[in-house]
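K.L.:
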Amino acid sequence: MSAQVEAEKTGATKPANFFVMQALFERTLEQAIEQKNIEPLLKEYSGIPNSEHDKRSPMDQAFREVLMKRVNDDVQLIGALVRLSVAAARAEIVVNTIPVVLLGDTFDVITLDKCEQIFTFVEELVEVWKEELFFASCKNNLLRMCNDLLRRLSRTQNTVFCGRILLFLSKFFPFSERSGLNIVSEFNLDNFTEYGLDSKEHDDIDNKELEDTAEDIPLKIDYDLYCKFWSLQDFFRNPNQCYNKAQWKMFQTHAETILQSFSSFKLEDARPSIDNHSNSDAAAQAMDVDLDNAAGEAGLTNIVIKAHHFFAKFLTNPKLLALQLSDSNFRRAVLVQFLILFQYLQVSVKFKNESYTLSSAQSEFIKKTEQRVFSLLEETPPSGRRFARTVQHMLQREEMWNNWKNDGCKEFKKPEQLDAIEDEAKPTPAKRAKRPLGDCLREAARNGKFYLGNDNLTRLWNYSPDNLQACKSEQRNFLPLLETYLETPHDKNDPAFEWRALRLLARQTPHFFTFVSQPSSKVSDYLDTVRKRLIREKELTKQVNTACAASEQNNGASASSTPGEQEHEAAVALQEIEPEQALEVEDTDTVVDVVDSDETPAHEKPLMVTKAHIDEITPLIGEPWMRVGKKIGFTNDEVLFFQMEHATPELACSKMLNNWISDDDDATLDNWAYMLEGLEMHKAAEAVKAIIEREKASIAAAQLTA
C-alpha cells in the first residue's frame with residue numbers, strides 16, 4: 001500500500017499519460033459518488049501537472065466508464081452520477097456537454113421501463129439545462145436525445161412517456177425557438193382514423209347487431225349513423241376541406257346528424273351526492289356553479305381523481321358506438337373537436353390560403369352550431385358548466401397564441417421594472433400657470449388679430465386680414481378647365497366622370513343650356529361632341545384674332561374697333577357653323593339607328609340554363625352523367641358526393657346541374673350544348689339546341705308584340 005502511495009507521489013511530480021489519468025480519475029470518482037461530494041475529484045484534478053486540455057479528456061472518459069459499470073445499479077445512483085457531472089461542469093473540470101452525454105449513453109443501453117424512470121432526472125434538472133452555461137452547448141444534444149427516445153416509443157402504448165418528453169421540450173426551449181414551432185400552420189395529415197367505409201360489406205344483419213347493442217339508450221344506431229360519425233374525423237384532421245363546397249355540404253349534413261343525436265340522448269349525472277343523497281340535485285348544482293366553495297372544490301377533485309380516464313385514440317368498432325355515445329369523456333372529446341375546427345375556420349392565419357374564405361351562410365351556420373355545442377357541453381356531466389367555461393377560456397388563449405404567431409413569433413422579454421420605478425420616483429414637473437383669457441383677448445384685439453383659444457384655429461383665422469377675400473383667391477380655385485378635364489384618360493362609360501363633366505359644362509360654358517343632345521345619344525357621345533365643338537371654337541377664335549391683328553397692321557382699321565366688336569365678330573362666325581354641326585349630329589344619330597335596327601344588339605343577354613331546362617334534359621343524359629359533371633368543372637370527390645347522397649342517377653344529375661347553374665355565371669344554353677356535343681351526347685345536345693331556338697322565338701315574338 002505504501003509503495004502504491006509512493007508511486008502516486010512520484011507520478012504526481014511529472015506529467016501522466018491519458019490512461020493513467022483515466023484510471024486515477026475513475027478511482028477518485030467512485031469515492032466522490034459514495035461521499036456525494038465533488039471535493040475529492042477537484043483535489044485529484046488539481047494535483048496533476050498536465051494542461052487543462054490534457055486533463056479534461058480523461059476526466060470525461062472516466063465519467064462515461066463509471067456510468068457503464070453502474071448502468072445496472074439502482075436508478076438513484078445513476079441520478080447521483082449525473083448531478084455530480086453537473087457540479088464538475090460548473091467547476092470546469094469536464095466539458096459542459098458531459099451531463100447530457102451521460103444521459104444519452106444511459107438511454108441507449110437500458111430498457112424503456114428504466115428509461116421512463118431515469119427521465120425523471122432530466123425533468124428535475126430542466127432549470128439547470130436552461131442556464132447560460134449549459135443551454136447553448138447542450139440544447140442540440142438534448143433535442144437529439146429526446147427525438148431518439150420518441151422514435152423508440154409507441155404513440156399508443158407509451159403515450160404518457162411521449163407526452164412527458166414533449167412537455168419537457170416545451171419547458172426547456174423558449175417560446176420563440178423556431179425548431180419547436182409550427183410556423184406554416186401545417187396539419188398532421190398522416191393521422192388517419194380507419195373505420196368501415198365500404199357500405200357493400202354490411203347488410204341488415206349488421207344493422208340488427210348495432211341496434212341490439214343500443215337497447216339501453218333512446219337512440220337508433222345503424223351503420224349510416226356510424227359512418228357519418230367517424231367520417232367527421234377526416235374534417236377534424238384537415239379543416240381546409242371545409243372550404244370546398246361539396247365537402248362543406250357533407251360536413252354540415254353529418255354534423256347536424258351527430259349533434260341531433262347528442263341532443264336527443266342526454267347523459268345523467270352519476271356523481272355521488274354530498275349530504276347522504278338527501279339533496280343530490282342541489283349538491284351537483286353547487287359543485288357545478290360555485291367555484292369559490294372550498295368543499296365543492298375538494299369534492300370535485302376527489303371525483304376527478306377517482307374517475308381518471310386516459311386514452312390516446314378511440315376504437316372504431318361499430319359495436320362500441322353505443323357505449324361510446326354513453327361516455328361523457330368521449331362526447332366531450334368530439335364536441336371540443338367541433339369548437340377547435342370552428343375557431344380555425346373563423347380566425348385569420350398568416351399562412352392560410354387567400355382563397356380560403358367563408359361565405360355568409362357558412363359563417364351563420366358556424367355561429368349557431370358553436371352556441372349549440374357549448375350548450376351540449378354544459379349539459380354533459382359531470383361539472384358541465386365548469387368544463388364549458390374552461391374550454392372557452394382555453395380557446396381564447398389559443399386565439400392569443402395565433403395572433404402571436406401571425407406577428408412573427410417575437411421573443412418574450414420581461415418588462416424593465418427598474419426603469420418604471422425610477423420614473424415613478426421622479427417628481428412630477430410643476431405646471432406652468434395659464435395666462436388669463438381676458439388678457440389674451442385684449443392683446444389680440446390691440447394687434448388686430450383673433451384669439452380663439454386653440455393654436456390651430458387662431459393661426460387659421462389670422463392667415464389673412466380679410467378672410468372672405470382670401471377665400472376668393474385664385475389659389476383656392478381647385479376646379480380644372482373643362483377642356484383639360486375632357487382630355488383626361490377615362491373609361492368609355494364612367495358615370496362619375498360624366499357627372500363631373502356635366503357639372504363643369506354647366507359652370508364654365510353656355511353649351512349645357514343651348515346645345516341639347518338628342519334622346520337617343522349617350523352622355524359619352526354628347527361629351528365627345530362638346531369637346532370637339534370647344535376645340536373648333538378655340539381655333540376659330542385664334543383665326544379671328546389673327547385676322548384682326550393683320551388688318552390692324554395693314555391699314556390701321558382696327559384702331560377704331562373695340563375688343564367688344566371683335567368678340568361680336570367671333571360670335572357671328574360661331575353662329576355660322578351651328579347648322580353644320582347640328583346636321584352632323586343628326587346624320588350620325590341616323591346611322592346609329594339604322595345599324596341598331598339591322599344588327600343584333602351587342603348587349604343582348606345570353607340564354608341561361610334554368611331548372612325547367614334541367615328537368616327536360618336530364619332523362620336524355622342517362623347513366624354517363626358523371627362525365628358531364630367532370631366536364632363542367634366538378635372534382636371526383638364532388639361527383640362521388642352527389643352519387644352517394646342520391647338514390648338514382650337522374651336525381652343525382654339534376655342536383656349536380658342545379659348546383660352548377662347557381663354557382664357558375666357561364667351556365668348558358670350555348671355552352672351546355674357545346675359540352676354535350678363534345679361528350680358525344682348528340683340526343684341531349686339536339687334537345688338543348690331545340691330549347692335555344694324555342695327561347696329565341698319566344699323573345700322575338702315578345703319584342704314584336706311590344
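Numbering follows my numbering, in which position 343 of the sequence shown is assigned residue number 343; successive positions increment by one, without gaps.
Glycine included, C-beta positions come from ideal geometry on N, C-alpha and C.
1. Quick one: grab the DSSP three-state call for T668.
2. Pick out whichever of I183, K689 and V94 has its Cα sitting closest to the Cα of N406.
3. Classify L468: buried if its beta carbon has 16 or more other beta carbons within 10 angstroms, exposed otherwise.
4. Label R331 either buried or exposed according to how many other C-beta atoms from any shown protein chain fall within 10 Å of its C-beta, with 16 as the threshold for buried.
5. Find the nearest neighbour of N96 within the set L504, V128, L67 and T111, judged by alpha-carbon distance.
6. Could you tell me whether the region 655-663 touches the region 603-619, where touching means 3 or more Cβ pairs closer than 8 Å?
7. Please work out which residues of its chain come closer than 6 Å, Cβ to Cβ, to R627, disregarding the five sequence neighbours upstream and downstream, and give them in chain order.
8. In chain order, what residues of the same chain lie with their CB nearer than 8 Å to the CB of C162, ignoring the 5 residues before and after it?
9. List the residues that DSSP assigns as beta-bridge partners of M656.
10. V373: which of L395, K352, V336 and S359 sits nearest, CA to CA?
11. Which residue marks the beginning of the alpha helix (DSSP H) containing P382, and which one marks its end?
12. Pull up the distance between the alpha-carbon of Y223 and that of T357, whole angstroms please.
13. Hey, how far is the Cα of D615 from the Cα of S654?
14. Going along the chain, which residues of its own chain have a beta-carbon closer than 7 Å to the beta-carbon of V688, five neighbours each way excluded?
15. Does the beta-carbon of E584 have 16 or more other beta-carbons within 10 angstroms, so that it is buried, or is it exposed?
16. Could you tell me whether the Cβ atoms of V347 and E399 are closer together than 8 Å?
17. Hey, how far is the Cα of H490 from the Cα of A388?
18. Counting only the same chain and skipping the five closest in sequence on each side, list residues whose C-beta sits under 8 Å from that of K683.
19. If Q22 sits next to P58, beta carbons under 8 Å apart, how far is it from one beta carbon to the other, in whole angstroms?
20. With the cut-off set at 8 Å, would you say N238 and F187 are in Cβ contact?
21. Among the residues of its own chain, which have a CB less than 6 Å from the CB of R83, if the five just before and after it don't count?
22. Could you please give me the residues that DSSP links to M608 through a beta bridge?
23. Around the C-beta of N158, are 16 or more other C-beta atoms found within 10 angstroms, so that it is buried, or is it exposed?
24. Tell whether a beta-carbon distance below 8 Å holds between L486 and L452.
25. Specify the secondary structure class of D190 as computed by DSSP and reduced to three states.
26. From the DSSP output, in three-state form, read off M400 for me.
27. Apply the 10 Å Cβ neighbour rule to M250 and answer buried if 16 or more other Cβ atoms are within range, or exposed otherwise.
28. Could you check how far apart the C-beta atoms of L24 and E44 are, in whole angstroms? I think they sit under 8 Å.
29. Go ahead and label M68 buried or exposed: buried means 16 or more other beta carbons lie within 10 angstroms of its beta carbon, across all protein chains shown.
30. Just verifying my parser: in three-state terms, what is the DSSP assignment at P49?
31. Drop a sphere of 10 angstroms on the beta-carbon of P579, count the other beta-carbons inside from all chains shown, and report buried for 16 or more, exposed for fewer.
32. Hey, would you say E123 sits closer than 8 Å to F168, going by beta carbons?
33. Would you call I205 buried or exposed, if buried means 16 or more other Cβ atoms sit within 10 Å of its Cβ?
34. So for C471, helix, strand or coil by DSSP?
35. Whose C-alpha, out of F314, R64 and L505, is nearest the C-alpha of L479?
36. When burial is assigned at 16 or more other CB atoms within 10 Å of the CB, is E638 buried or exposed?
P.N.:
The structure says:
1. strand
2. I183
3. With fewer than 16 other Cβ atoms from the protein chains shown falling within 10 Å of its own Cβ, L468 counts as exposed.
4. buried
5. V128
6. yes
7. L679
8. Within the same chain, C162 has close Cβ partners L150, L153 and R155.
9. None, per the DSSP bridge assignment.
10. V336
11. That residue, P382, is in no alpha helix (DSSP H); it is neither H nor E in DSSP.
12. 34 Å
13. 7 Å
14. So the list reads I617, L669, W672, A673 and L676, once near-sequence residues are dropped.
15. Because the pLDDT of E584 is 40, which lies under 50, any placement of that residue in the model is unreliable, and the number read from its coordinates should be weighed accordingly. Counting Cβ neighbours within 10 Å, E584 comes out exposed, since fewer than 16 surround it.
16. The answer is yes: Cβ separation under 8 Å.
17. About 58 Å.
18. Excluding sequence neighbours, K683 sits near L620.
19. 4 Å
20. yes
21. none
22. T668
23. buried
24. no
25. coil
26. Under the three-state reduction of DSSP, M400 is assigned to helix.
27. buried
28. Confirmed, Cβ separation roughly 6 Å.
29. exposed
30. coil
31. With a pLDDT of 43 at P579, under the threshold of 50, the modelled position of this residue cannot be trusted, and the question is left open.
32. yes
33. Residue confidence for I205 is low, a pLDDT of 48 falling below 50, so the modelled location carries little weight; the figure read from the coordinates is stated next. It counts as exposed.
34. Three-state DSSP puts C471 in a helix.
35. L505
36. Label assigned to E638: buried.
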